[in-house]
């Protein structure tokens, strides 16, 4: 009897183990946020298929408040929330959640930082004072507060940039491909193996976080981000919960397409499954599905969202409620006139304020008899301050010099439009747009600085001939004048009037023969000064980056002086020699030796210190 009972107990125990062994994998599978695809046949082949089965609100966030501060009418919390469970381990992202310390439901948005950066408490405080609730997610995992151990922890997956920034990184660097590895979700090539996919999921969970906060009006949520955060913004722009988005210097897509006439200028060599990538992960697959208003905030020479790609992205939108504002002559750096668009965009679309933002100016370009007639028709004529027209023949938008062109004003009873004529050279492209500057009703104080004006770019016009040949640059008549500053510093980017920076050496009209010397006409105005010149060669065609060079010269006295530099007077890498044509970004600064302060070169103060820059025969 005892033996029978014992046998029965053993049998039941065995059955329990057996049954548990059968069902445990299913439980483990169910606990995973995404069930791995076992076959390539199961892999989604479009962005719709990729996100169709994912509900970012189905799993508990399990939010943990690490600490909380209250100051100046703002509450700021350092929190972590669960992104999901991947490969059996929970992944969590840290963030600053900041909101006004007053009753009511507030508009809100997610902010995503750029590569190598981190979440910022001050940004949330700035926007909370304007009435927003903001979650600034720390997707990279860089430390945010001293003495606080809790931070982003991706567990068994790794969508970060590697150990340089993230101490818990599993990979040595950023993963570009869709191929599987031990830190990815799927064992077969899949868009879910892309780093971008997991970062987009973190962003979607950030939206869910806002939805669940009692201080947030879930019907007034937006999304914005800088650089890599701009890509995350674009990928999330299709989320139906969003009412407006604002990607900064990132998120255009088309990174797999070479610039016109410039082989190897894209990143397509990194993609082993190009069709799958561009149809699921690349932002060009997202834009046709975006229903909410879009403000694209950028710079004219941005390497991450090259200028023509912005226009291509906006052309894909199923609506015309979009704006582009670009900081001219800058790479990856919007200025105050661009940042203010974020404030106005969200005030209008999230707060519901009656704010008029001038619509994207229409433009045309007609090519006839060796000339291109560019026309722009701006709106809001009452507040229109000026129209600047820029053009270039250079297809490399990362390095191009945008030449300013005088605009002719044409008036009629109900219309004001501006035109300019651009010479057409056989086999060369033309890129042209207008920057329209508008006076704001009142100055806007930004997180850094303030502005009384807003810029809105026109639709860019592009002409690329079928027989495009960049060797035809040699047919353009040459000048040795770089700038006489008759148009102020319109050909340069400035920071507080100092450190003039620009792409002037990439002007195809400039004679850049290496047997010439660089001559700057300067009036020291009786001061003892140090002139410093810096060059860089980044983003030239493949293999042409020769590194950075610099040159300095002490200057003193009164009256105009010609300061001449031969090409061999610039110092750089030991094994490299400077070539004028290899200068992409050229910067100038002048420091007062007595005050140790950099002088204002913007032309605000008269007489100008810097009066002329030109190429001359070498002495």
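Numbering (the numbering used here), first residue to last: 934 to 1552.
All C-beta atoms in this analysis are idealised placements derived from N, C-alpha and C, irrespective of residue type, glycine included.
Simplified DSSP state of residue 1060, which is helix, strand or coil: For this step, residue 1060 is matched to residue 127 along the chain shown. Residue 1060 falls in the helix class under three-state DSSP.
Test item: CB-CB of residue 1356 and residue 1306 under 8 Å: Reading the chain shown from its first residue, position 423 is the one you call residue 1356. Reading the chain shown from its first residue, position 373 is the one you call residue 1306. No, Cβ-Cβ distance for residue 1356 and residue 1306 is not below 8 Å.
Where residue 1124 falls: helix, strand or coil (DSSP): On the chain shown, residue 1124 is found 191 positions in, with the first residue counted as 1. It is helical.
C-alpha gap between residue 1398 and residue 1241, whole angstroms: As a position in the chain shown, residue 1398 is number 465, starting the count at 1. As a position in the chain shown, residue 1241 is number 308, starting the count at 1. So the two alpha carbons sit approximately 16 Å from each other.
Three-state class that DSSP yields for residue 1425 in the structure shown: As a position in the chain shown, residue 1425 is number 492, starting the count at 1. In the structure shown, residue 1425 sits in coil (DSSP, three-state: anything other than H, G, I, E or B).
Coil, strand or helix - residue 964 by DSSP: Position 31 of the chain shown, counted from the first residue, corresponds to residue 964. Here residue 964 sits in helix by DSSP.
Own chain partners of residue 922 with C-beta closer than 6 Å, once the 5 adjacent residues on each side are dropped: Absent from the structure is residue 922, since the part of the chain shown begins at 934 and ends at 1552.
For residue 1162, the first and last residue of its enclosing alpha helix (DSSP H): Counting from 1 along the chain shown, the entry for residue 1162 is found at position 229. Here the alpha helix (DSSP H) through residue 1162 covers 1161-1169.
Stretch-stretch touch, CB-based, cutoff 8 Å, three pairs: the segment 1451-1463 with the segment 1171-1185: no
Separation of residue 1122 from residue 966, as counted between CA atoms: Here residue 966 is taken as the residue at index 33 of the chain shown, counted from 1. Here residue 1122 is taken as the residue at index 189 of the chain shown, counted from 1. C-alpha separation (whole angstroms): 18 Å.
Beta-carbon proximity check, residue 980 vs residue 1212, cutoff 8 Å: The residue given as residue 980 occupies position 47 in the chain shown. The residue given as residue 1212 occupies position 279 in the chain shown. Cβ atoms of residue 980 and residue 1212: closer than 8 Å.
Under 8 Å between C-beta atoms of residue 1277 and residue 1290: Within the chain shown, numbered from 1, the residue matching residue 1277 stands at position 344. Within the chain shown, numbered from 1, the residue matching residue 1290 stands at position 357. Yes, the Cβ-Cβ distance between residue 1277 and residue 1290 is below 8 Å.
Pick from 1135, 1251, 1282 and 1510 that is closest to residue 1153, judged by C-alpha positions: By 1-based counting over the chain shown, the position of residue 1153 is 220. Cα-wise, what sits closest to residue 1153 is 1282.
Cβ shell of residue 1319 (< 6 Å), same chain only, five flanking positions each side left out: Within the chain shown, numbered from 1, the residue matching residue 1319 stands at position 386. These residues qualify, in order along the chain: 1370.
Simplified DSSP state of residue 1227, which is helix, strand or coil: Counting from 1 along the chain shown, the entry for residue 1227 is found at position 294. It is a strand residue.
Cβ contact check for the segment 1252-1264 and the segment 1291-1311: 3 or more pairs under 8 Å: yes
Rounded separation between residue 1435 and residue 1267 - CA only: The residue you call residue 1435 lines up with position 502 of the chain shown. The residue you call residue 1267 lines up with position 334 of the chain shown. Cα to Cα, residue 1435 sits roughly 15 Å from residue 1267.
Within the segment 1165-1223, ranges of the alpha helix (DSSP H) (whole runs, at least 4 residues): 1207-1213
Within 8 Å, strictly: CB atoms of residue 1006 and residue 985: Numbered from 1 along the chain shown, position 73 holds the residue referred to as residue 1006. Numbered from 1 along the chain shown, position 52 holds the residue referred to as residue 985. It is not a contact, given that the beta carbons lie outside the stated cut-off.
Closest Cα partner of residue 1453 within the set 1315, 1385, 1493 and 1411: For this step, residue 1453 is matched to residue 520 along the chain shown. Per the Cα distances, 1493.
Per-residue burial, residue 1118 [other beta carbons within 10 Å of its own, 16 or more giving buried]: As a working note, residue 1118 is residue 185 in the chain shown. With 16 or more Cβ atoms within 10 Å of its Cβ, residue 1118 is classed as buried.
Stretch pair the segment 1018-1034 + the segment 1083-1093: three plus CB contacts closer than 8 Å: yes
Option nearest residue 1068 by Cα separation, candidates 1378, 1135 and 1125: As a first step, residue 1068 is located in the chain shown; it is residue number 135 there, counting from the start. Per the Cα distances, 1135.
Length of the line joining the Cα atoms of residue 1013 and residue 1414: One-based indexing of the chain shown puts residue 1013 at position 80. One-based indexing of the chain shown puts residue 1414 at position 481. Approximately 57 Å, taken between the alpha carbons.
Close-in-space but distant-in-sequence residues of the same chain around residue 1385 (CB under 6 Å, 5 per side omitted): What you label residue 1385 is simply residue 452 of the chain shown in a count that begins at 1. Result list for residue 1385: 1373 and 1376, in chain order.
Close Cβ partners of residue 1225 (< 7 Å) along its chain, the five nearest in sequence each way excluded: Numbered from its first residue, the chain shown carries residue 1225 at position 292. Correct list, in chain order: 1170, 1175, 1176, 1177 and 1178.
Reference residue 1382, options 1483, 1431 and 1272, closest by Cα: Counting from 1 along the chain shown, the entry for residue 1382 is found at position 449. Considering only alpha carbons, the answer is 1272.
Whole-angstrom distance between residue 1548 and residue 1417, CA atom to CA atom: Here residue 1417 is taken as the residue at index 484 of the chain shown, counted from 1. Here residue 1548 is taken as the residue at index 615 of the chain shown, counted from 1. Whole-angstrom Cα-Cα distance: 12 Å.
Residue 1050, DSSP secondary structure in three states: Taking the first residue of the chain shown as 1, we reach residue 1050 at position 117. Coil, per DSSP.
Residue 1542 versus residue 1510 - alpha carbon distance: Position 609 of the chain shown holds residue 1542. Position 577 of the chain shown holds residue 1510. Roughly 30 Å between the two C-alpha positions.
Buried/exposed call for residue 1196, threshold 16 Cβ in 10 Å: As a working mapping, residue 1196 is identified with position 263 in the chain shown. Exposed, since its Cβ has fewer than 16 Cβ neighbours within 10 Å.
Contacts around residue 998, its chain only, beta-carbon distance under 6 Å, and the 5 residues preceding and following it disregarded: Reading the chain shown from its first residue, position 65 is the one you call residue 998. Excluding sequence neighbours, residue 998 sits near 1010 and 1012.
Bridge partner(s) assigned by DSSP for residue 1408: Locating residue 1408 in the chain shown gives position 475, where the first residue counts as 1. DSSP, once it has assigned bridges, lists no residue as partnering residue 1408.
Residue 1091 and residue 1073 closer than 8 Å at C-beta: Indexing the chain shown from 1 puts residue 1091 at position 158. Indexing the chain shown from 1 puts residue 1073 at position 140. No, they are not a contact pair.
Beta strand (DSSP E) segment containing residue 1255, residue limits: Here the question's residue 1255 lines up with position 322 in the chain shown. Per DSSP, residue 1255 belongs to the beta strand (DSSP E) from 1255-1260.
Buried versus exposed, by CB contacts within 10 Å (16 or more), residue 1552: Against the chain shown, residue 1552 aligns to sequence position 619. Residue 1552 is exposed by the Cβ-count criterion.
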